[in-house]
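Quick mapping for you: the protein sequence lines, in order, are chains A and B. Quick note: the first sequence uses the numbering used here, first residue 53, plus one each step. Quick note: the second sequence uses the numbering used here, first residue 18, plus one each step. Written below as structure tokens is the structure these notes are about.
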Amino acid sequence: MKQKFNIVVLLSLAILAAACEKKPADPLPRDVSVQLSYNSSLLQVAGIPVTVSDAAGTFTLDAATDANGVASFKLNPGVYSVSATYVTSEDGMRMAYNGSIAAVSVSAPGTADEVMLLDLPMTLVESRQIIIKELYFGGCTNPETSKGYTEDAYVVLYNNSDVEADASDVVFGFLAPYNGHGNNKFRVDDNLLYENESWIPSYGAIWWFTAEVKIPAWSQVVVAIFSAIDHTATVSTSVNLADPSYYWMSNSGVAQYTNKKYAASDVIATNHYLSCYPFTQGNAWAMSNSSPAFFIGQIPFADVDALCKDTENYDHTLGTSAAMNVVKFPKDKVIGAIEVYSQPNLAKSAPRFPADINSGYVAITNNQGYSVYRNVDKAATEALPENEGKLVYGYTQGTEDVEGTTDPSGIDAEASIANGAHIVYSQTNNSTNDFHQRKTASLKK
Amino acid sequence: MRKTVLIVVFALLALSAQAQSYSFSGQVLEKKTGEPLDFATVFLAATEQWAVTDAEGKFTIKNIKVPQSAVSVSSLGYVTLSRKVDFRKEATGVQFLLEEDNLTLEGAMVTARENGESATTSRTIDKTALDHVQLMNVSDISSLLPGGVTQNNNLTADRQFNIRAGSSAESGNASFGTAVEVDGVRLSNNASYYDANKAIKGVSTNSIASSNVESVEVITGVPSVEYGDMGSGVVKINTRKGRTPWMVTLSTSPKTKQASFSKGFGLGSTAKGRSLGVINASAEYTRSVSDQMSPYTSYDRKQLSLTYSNTLYGGAFRAHPLRLSASVTGNLGGLDDKADPDKLTGTFIQSRDNALRASLTADWLLSLPWITNLELNASGSTADKRVLENRNYQQGVTDIALHAMQAGYYMSAPYQEGGNNPVVMIPPGNWYNIMGVDDRPVTAKVSLKANWATHFGTLSSKAKVGAEWNWDHNLGAGQYSEDPSTAPTWREYRYCDNPSMHNLGLYAEENLMVPAGQGRINLIAGIREDLTYIKGSAYGLTSSLSPRVNLKYTVLDGVGRADKFLRELSFRASWGVAVKLPSFSILYPTPGYLDVNVFTSTASADNTVYRAFYVQPRALEYNAALRWQRNQQAEVGVEASLGGVRISLAAFLNRTLDAYGLMTGYDRLTYNYTSTAAVQGLSIPAANRVYVLDPATGMVTVQDKTGALAPQTIQPEERKQFIPKTFEYNAQHPITRYGVEWVIDFPRIETIGTTIRLDGNYYAYKGIKTDITPNSPYTITGSDGKPFRYIGFYYGGNNVSNGSQTRTLRNNLTITTHIPKVRMILSVKLEATLLRYSRSLAEQPGVTRTYVLRELSNPLSYDPSVSIYEGDNYAVTFPDYYESYDQPGVQVPYLEKLRWAKENDPALYADLSKLAVPYNFVYGFRKDYISPYFSANFSITKELGDVASISFYANNFFNNMGQVLSSRTGTYSSLSSYIPAFYYGLTVRLKF
């Protein structure tokens, strides 16, 4: 019993002795400045969230960068992971900067104000934001006459990203010659004369927006090419382009475009009128209704206007009359292209785009109501978590049953969008991979 | 001087009046049967007297002033017999035995026959040759002329004669100048608006029935002054007349079918035994399709001809017989694609080619000392060339049709029945509309000609004086609509309201023949005055003089020289001027209207769009200074027979002066423009807008149809632009054509019954335009975004070349085997084009007109140190000077200003550089030699007794589908553009 007592006493004394020992000081937290950098240069963007976590993942701190691209933390000594993501858009590109360091050891500061400077190198992943989602140009069959009706052409621009896109500087053009199967004087011995040049031969005119145009993430704008009217009021099989949100390549503002076929609906506001400087003789912008080589570029309108007015920027390979003028459009300003061939003339068709802009083609039979529609990037689309349960499969708008093509993803993009999904479209710069002939124009109701 | 001439003339008259008279009578019999031949013509070449045999085949010609003459006896279906007759020895009872013309006779020809007696180049293609080539379109006989090229027959495209000229790309309207006559009736498109404001072409030969053509004479040299209103070449088509058996023809080729019949029958005689004459009737149906795989677009020709002929010997005509001929021809037909299933349902184009031609010819043989005969010819022709087109229209928004004819601003409005509809709105959708063009030219002609043939010693004289009055008018209404509510833009322009063209031609010609050594000299000199009067127009009265001279020296005429190597030899030379009257499409170019869209509204829910226009009418652009196009022709020729080889050579030089052409001028227009955007921003809701236009100022006021908001007037933008006007003018430059033609007939190889002919031509053309020509690309946009406002003035037009030269060398080899025993004739023709050369030219006296260009997009990179004809270079032509809209009449030297603008004014530089005319083919001015090419054709004709004959031909029977090399481009191209595709045809003829 006595022995038990002694043990208790000793333990109590030991505890007491320990309690009376001088208490050591707590470790000082350290000021850590995370400096974002990209490509060996400072990424001086304010507001980028930077996240710091401890090794166990139980502790997380967030801080936004200042104007110098620096995010500041106070951290106790320890081991942390640091990461940052910055998504923005520039010149029509979705620019995703990502940086992370898995383990950073933060030691106690030597002095109270010693700052630990941590460099966080960012990597950049670029992807085109604005893409041509659909080009409807071949017209439909008028059931009253069995004759083709082709005044209803339109193009759909789509923001293929999760960031709002600025389309204000997007311009529209097509290459000479009109048709993929036409005699192409630019093509010699199966090579394009401008294959290795810095330009492509734009024909007719190049259209630009006359006001700011923003496309929200995963959204689109429609541009009527000839008449922005309700074509179904005239031809039942056509499309309704009389929508206030749509844009119009306005013949009205162009002195030489006097063709009486074209007009815009009351509901289209003037800030939705596009403009151009026609450099080729003709009373309208004569885009092919069978096989255009259509492109979009991104360039300020003043620059493209100057390009079109500069006669020394004209090319005369096709001919020297005013009706054959071609403007050299800079390749590096092209942001999207479709090479279309006429199905009945496939054997005679040849590319007009150089390979570094587009390879492949999509074939179409005109006057049938078909459009060329971009294929869905199945993996990327399915990878978006918000699409869970919203994607519609079993695509039926393909035309493989009539010598056409279909979207290999099997995803019905329009139905999925209607279901709330976000669609990521294919972007391989290869029209064969990226487009198919769609049975009905997506705007056809 | 005048007195002296009169004394000489009367002395000659007296001398000739005192000359002794002879009489000549005889009988014409059918050689095989000995039966008399009635309606045969006996003709004395020396005096141009004639007689027609009676029912007993007898004839008499009195008051013959020469002791001897060549006499020809002819009758339809028989071989013409010619021989010299001495009336002192053979005055009465002379018998002429005519042989039926068929393949049992030696000497049948299936090529063109040289008219040896002519003092100019003239050839005749007779019935045997026409049958052999299976004529479907009379212009097909062009292949029988020296160096002629065979074409496959097809009537779905217009064909013309084009004598001594090249392609239609040449200047000078060559085919327009070729005169075509059918039995003396001139076919002309003078009164037609055919192809108005476009190509000036000669008359189409499609509506001439080919089955009843008896012979065709083609005068390619300098013709008699009898022939006016022409440029180069006369084609005289003679149809069948007189008594003939029933003749039925059936022809087929892949694209053309033909059936025809004809019969010439006597009308009996009067109680006194006088003939009541002969009627020859023929009918033909021909159908041609453009595509044998889709034989629906077709040209039809349904023709009926009646020709009455008689010779009056009784009563007042006992001493002076009168030969009468009257004919009427009607044609129904044209081009029609209505049945073509490949066309959009309901649409069609129907082009009529109906014609009615009538003529009366009276030849009164007076045989008086001062006049031999008097010929009266009256003819009239009218054509119906109506074009009817049903088109389908489709438009998403309101369509606009403009009919305003007065200057001013117009707002579009829905069509009102019977109302004034200057700018009609056609509702959006789909509709059909039929538009027609009523073109009905009519021509009447009366001519009187007196011939006087006499002799003064050994000198033979044939003089003729004549007058002809020609009237051209058009009865057509021009363009019209069957449904004005949906008709597209058009303006009434009634052809029938334009003035008629009257032309009085007066001519005199002397034809002298004088013996010279073993031969003779023949001099024909004539002068023609054409007085053209167009009442009520700026043209007024125009006078044109056409002198012509032919001289022929027959050194050896072959008589008595059958055993000599040099049997015949003659030389000839001709020079003359011919004047081509203008057509109505030249005199009265269709007035143009400039319609400027000055306002376009937005589209309502039903796609209704209002538009306003400024309309600037162009009055008929008379060119009071217009001169009639002239052709100066010169020709030398030689004919010889060397060892039985007959050689005919002719060299010609033709210069066309004052060629008709179209010139464009520019006027200035300022107008007010209101953009769609300007109204779109108004506070009045779009659905309530009513657009009101001030017709004087073009200002647009928008009213609120509910009355809730006040009207709003929009301030317009002032716009300036050039408006073009087109008018006829005379080219200042001469167009030169020259060449050599040859025909060499080798002696018949009797053992195989074969003859060989070599014929060909060397042809050269050169034309350099020298007119200062204004041109503005006024429909493009200037550097300020407004309509382009500069005009360039170019020497010789605004093309990089202002002319061209061509040369061709063609040679045909025709081998004809005629086997009379089996009544068959076979010909093989190898057509060779040995030289085909062309080159574009750019010439301007004293200065360089077109430069080498180093960079196509930089007009100032031109290089004056190098000729465009050397090396492979781009080229550029500049205007000599330019005018701007704002400084009318101020001519600014172009190149000087362009250089200045390059440094100082980029916008001006951009605009002016658009007036430069670069050329992007480095081979543009290279010589272009097409490698020689060949085509082989054959024809065979076989008679089956006297009742039937059958002909078959195959063109390009080797089916040559090779390629030719162009030295200009260094590329090969298909021969299909140069020779006919393999083609064949069969004709069966029945005679009973």
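Glycine included, C-beta positions come from ideal geometry on N, C-alpha and C.
Rounded separation between residue i and residue j - CA only
i                 : j                 : result
Asn418 of chain A : Ile183 of chain A : 23 Å
Asp455 of chain B : Arg203 of chain B : 22 Å
Gln449 of chain A : Lys491 of chain A : 5 Å
Phe476 of chain B : Lys597 of chain B : First, the amino acid is wrong: residue 476 of chain B is Leu here, not Phe. When rounded, the distance between both Cα atoms is 34 Å.
Glu198 of chain B : Asp246 of chain B : 12 Å
Ile541 of chain B : Thr796 of chain B : 56 Å
Asn214 of chain B : Gly453 of chain B : Its pLDDT being 47, under 50, Asn214 of chain B is placed unreliably in this model, and the value from its coordinates should be taken loosely. Computed Cα separation, rounded: 18 Å.
Arg853 of chain B : Ala182 of chain B : 14 Å
Lys581 of chain B : Ser156 of chain B : 39 Å
Ser227 of chain B : Lys253 of chain B : 13 Å
Ala998 of chain B : Pro764 of chain B : 32 Å
Thr457 of chain A : Ala415 of chain A : 8 Å
Burial state of residue i, where buried means 16 or more other Cβ atoms lie within 10 Å
i                 : result
Gly94 of chain B  : buried
Gln433 of chain B : exposed
Gln633 of chain B : buried
Ala288 of chain B : exposed
Gly436 of chain B : exposed
Glu65 of chain B  : buried
Gly144 of chain A : buried
Leu961 of chain B : exposed
Gly191 of chain A : buried
Trp917 of chain B : exposed
Bridge partners - residue i, DSSP secondary structure assignment
i                 : result
Arg685 of chain B : B:Phe739
Trp337 of chain A : Answer is none; Trp337 of chain A lacks a bridge partner.
Ala208 of chain B : In DSSP, Ala208 of chain B forms no bridge with anything.
Pro804 of chain B : B:Thr798
Asn248 of chain A : The partner list for Asn248 of chain A (beta bridge, DSSP) is empty, contrary to what the question assumes.
Short CB-CB distance (under 8 Å) between residue i and chain B
i                 : result
Gln333 of chain A : yes
Asp83 of chain A  : no
Thr484 of chain A : no
Ala389 of chain A : no
Tyr329 of chain A : yes
Ser374 of chain A : This sequence places Ala at residue 374 of chain A; Ser is not what is there. Yes, contact with chain B.
Where residue i sits in the DSSP three-state scheme
i                  : result
Ser930 of chain B  : helix
His337 of chain B  : coil
Gln395 of chain A  : helix
Lys1008 of chain B : strand
Ser156 of chain B  : helix
Glu887 of chain B  : coil
Arg765 of chain B  : coil
Glu434 of chain A  : helix
Ala263 of chain A  : coil
Leu23 of chain B   : Low per-residue confidence applies at Leu23 of chain B: pLDDT is 44, beneath 50, and the placement is therefore not dependable enough to give any value.
Thr175 of chain A  : strand
Short CB-CB distance (under 8 Å) between residue i and chain A
i                 : result
Asp359 of chain B : no
Asn671 of chain B : no
Tyr989 of chain B : no
Ile740 of chain B : no
Val839 of chain B : no
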